[in-house]
Every structure is written in structure tokens, then in C-alpha cells.
Amino acid sequence: MSEKSEKKSSVRVTIVGEEYTLRSDATPAHTRAVAAHVDRAIRQVMNTATVVESHKAAILAALQITDELFRARAEAEELAGSMRELSAEVRRWLPPAKRLDAPSSEPAD
């Protein structure tokens, strides 16, 4: 979890009718938001599929959430690569003296 606080805190959350106490170094608001997202994902699976058991719905929801995570990571990496390419292109437009100030993996022209 991100959005870290200074120390670990305990937060009570409800996921699919079950109450949990979560200890995390994330802020309580972040922990509640994560739990709410998991709750929505499980409920969505239970409402749209023929899955009745909550543990099976939780597994399917976990697969969906993990797929979202992997896709977001791939998009972030693609964006980071595009930013590196753009940065290298902009560096080439700078006067030679300015190019030396910018970190680059490419030699200055």
C-alpha cells in the first residue's frame, strides 16, 4: 500500500460483510480506500457471475485486480520510455553547454 503515514495504524474495514482489522503503514484513508476497492471487486464478481461462494469470488476478483495492476505497470513503463525518448530529443536541441548539465545515457552531439 502507498501513501505511508509515520507509523503503523490499525483500521477496521468490512469486505463482503466480514469485518477485518488491518495494520498498515499506509494512512487510514488509503487503507479504507483499498478495502473498499476489494469489496467492490468481489461484489461485482458475485453479481455478474454464477459464483456464490465468497472465497471463489475473492479469487476471481484478485485475478481482475492483478490484471489491472499488471496493465497499469506496463502502461507506466511505456510512458516512462516515451518520456526518456522525448527527454533525449529535447537534449539534442539544447546548446552544447546546456546538454552537459542534463544527465544523459547518450553522448552529447
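For the sequence shown, my numbering begins at 1052 and goes up steadily by one.
Backbone N, C-alpha and C define an ideal beta-carbon position, used for all residues, glycine too.
Which of helix, strand or coil DSSP assigns to residue i
i	result
Val1141	helix
Val1102	coil
Pro1146	coil
Opposing strand residues paired with residue i [DSSP bridges]
i	result
Arg1063	Thr1072
Thr1112	Checking the sequence shown, residue 1112 turns out to be Ala, not Thr. For Ala1112, which the question treats as bridged, DSSP gives no partner whatsoever.
Backbone CA spacing between residue i and residue j [nearest angstrom]
i	j	result
Arg1122	Met1134	18 Å
Leu1114	Leu1137	34 Å
Thr1099	Leu1130	33 Å
Arg1083	Val1062	7 Å
His1081	Arg1124	20 Å
Pro1147	Thr1072	58 Å
heavy atom of the ligand MN below 8 Å from residue i C-beta
i	result
His1081	By its list of ligands, the structure shown contains no ligand whatsoever, and the ligand MN lies outside what it can speak to.
Sub-9 Å separation of residue i and residue j beta-carbons
i	j	result
Leu1111	Val1096	yes
Thr1117	Ala1086	no
Val1067	Ala1108	yes
Glu1070	Ser1105	no
Close-in-space but distant-in-sequence residues of the same chain around residue i (CB under 7 Å, 5 per side omitted)
i	result
Lys1059	Arg1074, Ser1075 and Asp1076
Arg1091	none
Val1102	Val1096, Ala1108 and Leu1111
Arg1094	Val1067
Neighbourhood of residue i by C-beta distance below 6 Å, restricted to the same chain and skipping five residues each side
i	result
Val1089	Ile1066
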